[in-house]
Amino acid sequence: MPLCESPSLSRRKLLGLSGSLVASAFIPKFARAANGRDPRFITIILRGAMDGLSAVAPIGDPDYATLHGELALTKDGEAAGLRLDSFFSLNPAMTNFARLYAKGEAAVIHAAATGYRDRSHFDGQDVLESGYAGPGRTDSGWLNRAIAALPQGQRIGKQSSLAVGAIAPLVIRGPAETLGWAPANLPNTGDDLARRLMDLYTHQDPKLAELLASGLTTQKMATGAMAGMDNSDHPVDMVQQARGAARLMAADDGPRIAAMAFDGWDTHENEGGAKGRLFNLLTGLDGALAEFEKTLGAAWNQTSIVVMTEFGRTAQVNGTIGTDHGTGTVAFLAGGAVAGGRVIADWPGLKTANLYQGRDLNPTTDLRGVLKGLLADQFGLSDQQLSQNIFPDSGGAKLMKGLIKI
Amino acid sequence: MAVPRDATTALSRFGLGARFDLGAASRTAIAADPKAYLKANLKPEAVLLKGEGLDDTRNNLLAVFEQQQEKKMAREAAANQMQPSQPQTNDAMASPTAMQDGKSIQMQDAKPMPVQRDVFLTEAQARYQKAFADESGFIERLVWFWSNHFAVSVAKGRPAMITAGSFEREAIRPYILGKFADMLHAVEQHPTMLFFLDNRDSIGPNSKAGQRRQKGLNENLAREIMELHTLGVNGGYTQADVTNLARIITGWTFPGLNSNKAEPGVFTFNPNTHEPGSPKVLGKIYAQQGLEQGEAALRDLATSPATAKHLAFKFAKHFVSDQPPQPLVDRLVKVFMESGGDLHALTVALIDDDTAWSTPPTKLRTPQEFLIAASRALNLPPEKPQPVMRALNELGQPLWKPSGPNGFSDETATWASPEGLKVRLSYAALMAKQSQVPGNPTDMTNIILADAASQDTRQAIARAESKQQGLALLLMSPEFQRR
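If you're matching them up, the sequences are chains H and C in order.
By the count of the working numbering, the first sequence reaches residue 406 at its end, each step adding exactly one.
By the count of the working numbering, the second sequence reaches residue 889 at its end, each step adding exactly one.
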């Protein structure tokens, strides 16, 4: 099975990325949502449960330093965080986020969680992405159902949304058509072969026909478009994915909504604080956010990005200088459209009595309320729509207002 | 030539697809009694994988440890050269073994392939050669299923990368036709799993070492034993059960170099890090001391009814349908319980069930299944491992590198994505160009799909503008993609 041994392929491989993103007849006209704006909305899922207490450290909390031990960030010195306000400091990996925060284009939601309270990654991600109150209730994601709920006029033709990566995250799977793109190193397939296969699928397997049609829309490659990319020191995958997605979304007729997932946040051991494993992951995330800002260009002003994870980690460091599965954590908002420059938190405190089950940051903000607020302001969806189909049984999670500059 | 569809089911649902070089004759033989054929495949001697260059976990870990030690010494040597003003060196700490070794910093100039990468590729090559060559591929499908059930990821670090293959050969393969309890035991005491899910460094806070070193528990492995390996997420355990199981398996570890007590790279029970006490798990008190405490807990978990349900559903779902027939699942649960968790009995029960054959083929082959089935169909044996690894990466299923300890999904919804299908098409086209099989694509269709091929598919293949195009259509046809 020699597979990729052809010279053109290995050359492509050397370039790192050759896949490029493409406009085609299938890619939609843009959305004109509320107020004649043309909003972009990006969801980034951090799989594995990010430690919110090391990402955005509550250094003003008197119990923090003791609980978080050698992972804790400090006000100054070697483990100093980037000061957000008198209480919270950001992990020093996130210099771009700090810069955006300073100019009012980034915000932190702290002590947040979905309604899920057990500690399974897989159920937690299912709840986070499906938008349902419990795991295993549906095969579609809240973002996809939100797209389906947009009025046809705004709906941006057939495919308004983009799933980044070889496997579409659940959050964007569902009835509304989605465009797929992943950094790829493969050659074009002949148009004739694709046409014949489409013909066969149409007769025999409509589901495969639909998927292939969608996949082929991103196939025509603008060769070399990615060849000039520099080799970032950041965890490369995150930045690459962001760059590819941003290029597609920056186009006048590109998709307006995208979802992607970054792996690796399950820091049970040697998590690190002001440097180390989590620091490196956050560096990648920070680089991805910066890439969106740079590549989206003028569209950045109408963009909001939400970054979230399935749950948090234990407040106390475990036996292996890491943290085990917990509950409350942070979500990040970034983008020119975000009403930023603040940490939004109803801080529960870190005294043992205030911790969830005596071990985790107690969640005081329901992430679904945050997401409802974003979708309402960005796309004009009503609280009623959002609380019924998109986040069923989320009446208790009050829609958070004022997250977007209007 | 009327060949019953059951031969196709045997080969594609349970196996890795028809092999071109075995031709139509082997298919006719299978068709005579497909169930008996598959059962005859369940030979104990067929489960193991041996071959040139395949080393055991201990030796693999030693190679990594030694490499790490050399690097450390090289770093220290370099640091000492650059900072001569600091007289204190770490020479005293360097171990005699490494000093004698003689290998030195010059090695880095030549940039040889890192040893863990080299071993990983050797293991991959042996694994896919066996999958390519096996007559039906059924045994390998069972190995892949259980290996993915107990998933580890090479992304965890060098020790995981260098032992992912030996882990599968040592802890999975020997047991796929044996008792589940034995597999569980082998897995949870295997260095690769202890490293991957962090139990290696989990320390009982009240153990001797815990009191001295102010270190403590890591509950990662304990949680995944319950959630993923045995009971399942709805298996009725609590946070307290997880923490207690974590206490019970403290001390399950493997030493690195310079251990004066135990053999490096081999499982050992360290009483100094074991949490004292008699914790309760799922209502039962484990009063045993030492290693036996954890082994008793694992034995109970292995045969729990929740485990039976979890495994039976997952097994039926993998082979038959994302929504497997409930009566089939119920029968598998019963067999698992009555046989004391015998995996040979479980497998035979699956084969014996008529609905396992009559349920329509709606599942999309995973990328790994697709790639190997395609190479078998087009007679493209894996000559080198790198291209196969690259293809698996691009198709979204990199070998031994799932994004979490739950392994790769086998659900159609996961793999039926626009991007995924497009990449499959690219590979189908590429492989069709490389294939040297004689005969025209219609002859090939008769061998590979036989009468499972619809008229539409036959027509599309017959009308292809080239042989390559016809073969690509064959590989991408719904009958080949779904099983």
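Ideal Cβ placement from N, Cα and C applies to all residues, glycine included.
Here the structure is a predicted model, which means the values were calculated and not measured.
Apply the 10 Å Cβ neighbour rule to residue i and answer buried if 16 or more other Cβ atoms are within range, or exposed otherwise.
| i | result |
| --- | --- |
| C:Ile691 | exposed |
| C:Ala878 | buried |
| C:Met519 | exposed |
| H:Ser86 | exposed |
| H:Ile344 | buried |
| C:Asp760 | exposed |
| C:Ala838 | buried |
| C:Asn666 | exposed |
| C:Glu458 | exposed |
| H:Pro62 | exposed |
| C:Asn626 | buried |
| C:Leu454 | exposed |
| C:Pro773 | buried |
| C:Arg481 | exposed |
Can you look up residue i in the DSSP assignment and give me helix, strand or coil?
| i | result |
| --- | --- |
| C:Met519 | coil |
| H:Gly48 | coil |
| H:Ala146 | helix |
| H:His203 | helix |
| H:Thr43 | strand |
| H:Asp360 | strand |
| C:Lys449 | coil |
| H:Val306 | strand |
| H:Gln366 | Residue identity check: residue 366 of chain H is Asp in the sequence provided, not Gln. Three-state result, H:Asp366: strand. |
| C:Arg771 | coil |
| H:Gly124 | helix |
| H:Arg347 | Position check: residue 347 of chain H holds Trp in this sequence, whereas Arg was assumed. H:Trp347: coil per DSSP, three-state reduction. |
| H:Leu399 | coil |
| H:Val56 | strand |
| H:Lys75 | coil |
| C:Leu598 | It is Thr, not Leu, that sits at residue 598 of chain C in the sequence shown. Reduced to three states, the DSSP call for C:Thr598 is helix. |
| C:Ser841 | coil |
| C:Asp427 | helix |
| C:Arg888 | strand |
Alpha carbons only, please: which of the options is nearest the one belonging to residue i?
| i | options | result |
| --- | --- | --- |
| H:His68 | H:Phe379, H:Ala315, H:Tyr101 | H:Ala315 |
| C:Glu594 | C:Ala703, C:Gly641, C:Leu428, C:Leu688 | C:Ala703 |
| C:Gly683 | C:Pro611, C:Ile631, C:Ile854 | C:Pro611 |
| H:Asp139 | H:Ile44, H:Ser394, H:Val108, H:Arg173 | H:Arg173 |
| C:Val754 | C:Gly700, C:Arg737, C:Leu454, C:Ile578 | C:Arg737 |
| C:Leu417 | C:Pro808, C:Arg606, C:Ile778, C:Arg830 | C:Ile778 |
| C:Asn624 | C:Leu836, C:Leu880, C:Leu603 | C:Leu603 |
| H:Gly134 | C:Ser710, C:Ala532, C:Val639 | C:Val639 |
| H:Leu350 | H:Lys75, H:Ala111, H:Arg83 | H:Ala111 |
| C:His680 | C:Gly689, C:Leu688, C:Gly696 | C:Gly696 |
| H:Met94 | H:His268, H:Ala113, H:Tyr132, H:Phe279 | H:Phe279 |
| H:Ile321 | H:Val307, H:Ala79, H:Glu271, H:Gly276 | H:Glu271 |
| H:Leu367 | H:Glu269, H:Pro348, H:Met249, H:Phe311 | H:Phe311 |
| C:Gly543 | C:Leu448, C:Phe573, C:Lys478, C:Ala485 | C:Leu448 |
| H:Leu200 | C:Ala438, C:Asp862, C:Arg889 | C:Asp862 |
Assuming residue i contacts residue j (C-beta within less than 8 angstroms), just tell me the rounded distance between them.
| i | j | result |
| --- | --- | --- |
| C:Pro824 | H:Gly369 | Not quite, the Cβ-Cβ distance comes to about 32 angstroms (not below 8 angstroms), so this is no contact. |
| H:Met238 | H:Leu296 | Not really, about 16 angstroms apart at Cβ, beyond 8 angstroms. |
| C:Asn554 | C:Phe814 | 6 angstroms |
| C:Val739 | C:Ala751 | Going by Cβ atoms, the distance from C:Val739 to C:Ala751 rounds to 12 angstroms, so no, they are not a contact pair. |
| C:Phe719 | C:His635 | About 15 angstroms separates the two Cβ atoms, so there is no contact after all. |
| C:Asp758 | C:Lys441 | 7 angstroms |
| C:Pro685 | C:Ile655 | About 10 angstroms; that fails the 8 angstroms criterion. |
| C:Met882 | C:Arg830 | 7 angstroms |
| H:Val330 | H:Val56 | 5 angstroms |
| C:Leu468 | C:Ala532 | Not confirmed; about 20 angstroms, so no contact. |
| H:Ala251 | H:Glu291 | So it is not a contact: roughly 16 angstroms between Cβ atoms. |
| H:Ala107 | H:Val338 | 6 angstroms |
Starting from residue i, find everything on chain B with Cβ-Cβ shorter than 8 angstroms and list it in chain order.
| i | result |
| --- | --- |
| H:Leu281 | Although the question refers to chain B, the structure presented lacks it and instead comprises the protein chains H and C. |
Can you pull out the residues from the segment 532-547 of chain C whose beta carbon lies closer than 7 angstroms to at least one beta carbon of chain H? Within the segment 532-547 of chain C, no residue qualifies.
Short of 9 angstroms Cβ to Cβ, which residues in the segment 201-215 of chain H face chain C? For the segment 201-215 of chain H, which is checked against every Cβ of chain C, the residues closer than 9 angstroms are Tyr201, His203, Gln204, Asp205, Lys207, Leu208, Glu210, Leu211, Leu212, Ala213, Ser214, Gly215.
Note down, in chain order, all residues in the segment 659-670 of chain C with a beta-carbon under 9 angstroms from any beta-carbon belonging to chain H. Per Cβ criterion, the list is empty.
Which residues, taken in chain order from the segment 349-368 of chain H, show a beta carbon closer than 9 angstroms to some beta carbon of chain C? When C-beta distances to chain C are compared with 9 angstroms, the residues of the segment 349-368 of chain H below that value are Gln357, Arg359, in chain order.
Interface residues of the segment 678-694 of chain C facing chain H [CB-CB below 8 angstroms]: Listed in sequence order: no entries.
Which residues of the segment 110-124 of chain H have a Cβ closer than 9 angstroms to any Cβ of chain C? Give them in chain order. Against chain C - using a Cβ distance shorter than 9 angstroms - the residues of the segment 110-124 of chain H are Asp118, Arg119, Ser120, His121, Phe122, Asp123.
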